[in-house]
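Asker:
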Amino acid sequence: MKIPRIYQDLNKYLKPNKALIIYGPRQVGKTTLLQDFLAATKLRYKLDSGDNIQTQHILGSQDFNLIREYAQGYELLAIDEAQRIKNIGLGLKIIVDQMPGIKVIATGSSSFELSGQVGEPLTGRKTTLTLYPVSQIELSNLYNPYEIKNKLEEWLIFGGYPEVVAAEDKAERIKLLEEIVQAYLLKDILNLGKVKSAKMLLDLLRLLAFQVGSEVSLTELARQIGIDYKTVARYLDLFEKSFVIYNLRGFSRNLRKEITKKSKYYFYDNGVRNAVISNFNKLELRNDAGML
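Residue numbers (this note's numbering): 11 to 302.
1. To the nearest angstrom, how far is the alpha carbon of L100 from that of A299?
2. Would DSSP call A208 helix, strand or coil?
3. With 16 other CB atoms within 10 Å as the buried threshold, where does K185 fall?
4. In the DSSP assignment, the alpha helix (DSSP H) including Y245 goes from what residue to what residue?
5. I'd like the span of the alpha helix (DSSP H) that includes D61, first residue to last.
6. With respect to the alpha helix (DSSP H) encompassing I235, which residues constitute its N-terminal and C-terminal limits?
7. Taking the straight line between their C-alpha atoms, what separation do you get for L217 and F290?
8. Within the same chain, show all residues whose beta-carbon is closer than 8 Å to that of I235, passing over the 5 residues directly before and after it, in chain order.
9. Taking the C-alpha atoms as reference points, what is the distance between I287 and Q192?
10. Taking 7 Å as the threshold (C-beta atoms), are V144 and N27 in contact?
11. Assign K197 to one of three DSSP states: helix, strand, or coil.
12. For Y275 and K251, what's the separation of their Cα atoms in angstroms?
13. Would you identify the three-state DSSP class for I32, choosing helix, strand or coil?
14. Within the same chain, show all residues whose beta-carbon is closer than 7 Å to that of L231, passing over the 5 residues directly before and after it, in chain order.
15. Going straight from the alpha carbon of I158 to that of G223, what length do you get?
16. From the DSSP output, read off the bridge partner residues of K113.
This is the structure:
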């Protein structure tokens, strides 16, 4: 099943001598979005991957002649999983500054890794998009209002990761979600955040999953898990930057009070939230339906 994405036409965001940076969690459809666009474009393009060791060497070298030779002759350079290339921001800066008219697309699944590399070097030279799990607006291109209403419970429980939405049955969806949590989200955080204990990460996510929509005390989270406040704050930051959760801060007309208010945390995807707590029951059998 092909799901048209909200950013399906990347032409609207591409500009000569600027980089288009596409962020988003793993398995959310960035590579598919990129490949679909390239299959339809009339631009002469080069598609490469940050997993390619030779590409890592070239774009991470900061060697102008080597990088120019690599990209020469193309109207568009596309790099998938660009966060794997050391100094990718400086490499892309050389391309957009020194090769007149060229367009660049770079995708990355870890905002805290890729944004740190492209932020300063590409200041004023980039456009940023974030691709999230499939939204109701995107699904409205496939289903009519009646069908969307009937499928709402399914999406509340299993979320909007494209593979999960397209899966045929419950068992397959559960398997996919467990793989997304264990093999992708947690693995990225463990590797990139230099975190040693997957158990602590999962324990923290479980606590957050049961407090969706409620104010969260970092001090209380630290006490429950048995780690210090600063470590909890660091883990939460990693979760946010890897698109697992987002932080909704308290509102007050008094800005000084607003800063001190506790935050609420929500999961970007309900399927991930339910996988963390291993609960895929129907809404009528749940006591947390309001959190979904």
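All C-beta atoms, glycine included, are put in the ideal place defined by N, C-alpha and C.
In this text the structure is predicted, and so the values were computed from the model without any measurement.
Answerer: Reading from the atomic positions:
1. 47 Å
2. helix
3. exposed
4. 239 to 251
5. From DSSP, D61 is part of no alpha helix (DSSP H); its letter is neither H nor E.
6. 228 to 235
7. 17 Å
8. M210, D213, L214, L217, V242
9. 13 Å
10. no
11. helix
12. 13 Å
13. strand
14. L214, L217, V242
15. 24 Å
16. L86
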